[in-house]
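Colleague: Here it is: the structure, laid out below.
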Amino acid sequence: MTKYKYPSVLTIAGFDGSGGAGIQADIKTISALGCYATSVLTALPVQNTMGVRNIFPIPVQAVSEQIESILDDIFPDAIKIGMVHTPELVETIVETLVKYKKVPIVFDPVMVATSGHRLIEEETIQTIIEKLFPISDIITPNMDEASILANMEVKTLDDMKIAGENIKKLGCKHILLKGGHQTTEKITSLFYSDKDDFQTFESLKLNTKNTHGSGCTLSSAIASFIAQGKSMDKAVALAQNYVSEAILEGSDVQTGKGNGPLNHFFNPQKLIKNELV
Numbered sequence: 001m002t003k004y005k006y007p008s009v010l011t012i013a014g015f016d017g018s019g020g021a022g023i024q025a026d027i028k029t030i031s032a033l034g035c036y037a038t039s040v041l042t043a044l045p046v047q048n049t050m051g052v053r054n055i056f057p058i059p060v061q062a063v064s065e066q067i068e069s070i071l072d073d074i075f076p077d078a079i080k081i082g083m084v085h086t087p088e089l090v091e092t093i094v095e096t097l098v099k100y101k102k103v104p105i106v107f108d109p110v111m112v113a114t115s116g117h118r119l120i121e122e123e124t125i126q127t128i129i130e131k132l133f134p135i136s137d138i139i140t141p142n143m144d145e146a147s148i149l150a151n152m153e154v155k156t157l158d159d160m161k162i163a164g165e166n167i168k169k170l171g172c173k174h175i176l177l178k179g180g181h182q183t184t185e186k187i188t189s190l191f192y193s194d195k196d197d198f199q200t201f202e203s204l205k206l207n208t209k210n211t212h213g214s215g216c217t218l219s220s221a222i223a224s225f226i227a228q229g230k231s232m233d234k235a236v237a238l239a240q241n242y243v244s245e246a247i248l249e250g251s252d253v254q255t256g257k258g259n260g261p262l263n264h265f266f267n268p269q270k271l272i273k274n275e276l277v
């Protein structure tokens, strides 16, 4: 009898009880794109659509053992890493992952929530650059996060281009610098490959507050398309389209009193079954 397996994506990220961001958004995205989602919890933020109220840490040993438990059993085709808010957590994740066979890693440097709440400790940034960037295949900062990484103000597309070049020097293989915080009618994101140039992605800016978790969704979508066997360029393009559609389809829905979620399931795919060889 023929045996099959699902393309599997592991998300290593924080919690969002309101269901719009973090691990919840990742699992929804991975599932909607036909992949099998596994997860490791890194932190327990207390949040809703209006903002973050508190953040409770997960013991680093618990994080390490969670990763080992999944990788020993359901080995992923791609990994998405989200909220890592302490140096010890960064080091634990990296030290645990490098013991296993390398798989593509998408790192979303979650530093600032949609509400504007700072989610990361200052001393963590250098550890991320030194430890996590080298094992990541792509990082996906937004403009606020690019400002932190490039140590400059990032308000315009021209600022983004300068920041992108500065972040490249930190040793990143690929960068998707997201332009969702632009105030222009069209928003432009910049994709820096391992070549010298960059590619632009443009979309219309929608008049909606429902963008909570859009960064989590985008990074887990990239990981999902990589898990399906798509090239990095193609995975980024497909993920951009998916997020734009998910924002559009959820733009007229009120969920909560603040920044609402995307519609992750506007066009859900059946779980993909790849034949085992």
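By our numbering, the letter at position 72 of the sequence shown is numbered 72, and the numbering carries on one by one without gaps.
For each residue, glycine too, the CB sits at the ideal point set by N, CA and C.
Measuring alpha carbon to alpha carbon, tell me which of G250, T127, M83 ends up nearest E95.
Modeller: Numbered from its first residue, the sequence shown carries residue 95 at position 95. Of the listed residues, the one whose Cα sits closest to E95 is T127.
Colleague: If you draw a straight line from the alpha carbon of I247 to that of V46, how long is it in whole angstroms?
Modeller: Locating residue 247 in the sequence shown gives position 247, counting from the first residue. Locating residue 46 in the sequence shown gives position 46, counting from the first residue. If you take the alpha carbons of I247 and V46, they lie about 24 Å apart.
Colleague: Which runs of the beta strand (DSSP E), 3 residues or longer, sit entirely within the region 152-195?
Modeller: 175-177, 186-192
Colleague: Between which two residues does the alpha helix (DSSP H) holding F225 run?
Modeller: For the purposes of this step, residue 225 is taken as the residue at position 225 of the sequence shown. Here the alpha helix (DSSP H) through F225 covers 214-227.
Colleague: When you compare only the Cα positions, how much space is there between L218 and Y242?
Modeller: Sequence index remark: in the sequence shown, residue 218 carries index 218 (1-based). Sequence index remark: in the sequence shown, residue 242 carries index 242 (1-based). Their backbone Cα atoms lie some 8 Å apart in a straight line.
Colleague: Would you mind working out which of T140, K5, N48, G258 sits nearest I74, comparing C-alpha positions?
Modeller: Within the sequence shown, residue 74 is the residue found at index 74, counting from 1. When each option's Cα is compared against that of I74, the closest is K5.
Colleague: Opposite K80 in the DSSP bridges: which residues?
Modeller: Against the sequence shown, residue 80 aligns to sequence position 80. Answer by DSSP bridge pairing, in chain order: T11, V106.
Colleague: State yes or no: is the C-beta of Y36 within less than 9 Å of the C-beta of L204?
Modeller: As a working note, residue 36 is residue 36 in the sequence shown. As a working note, residue 204 is residue 204 in the sequence shown. No. Outside cutoff.
Colleague: Taking the alpha helix (DSSP H) that Y286 falls in, what are its first and last residues?
Modeller: A query on residue 286 cannot be resolved here, the shown segment of the chain reaching from 1 to 277 and no further.
Colleague: Which of the three DSSP states is assigned to Q66 in this structure?
Modeller: The residue given as residue 66 occupies position 66 in the sequence shown. Three-state DSSP puts Q66 in a helix.
Colleague: Taking the CB atoms as reference points, tell me whether I129 and L149 lie closer together than 9 Å.
Modeller: On the sequence shown, position 129 is the one that residue 129 refers to. On the sequence shown, position 149 is the one that residue 149 refers to. Result yes, Cβ atoms of I129 and L149 sit closer than 9 Å.
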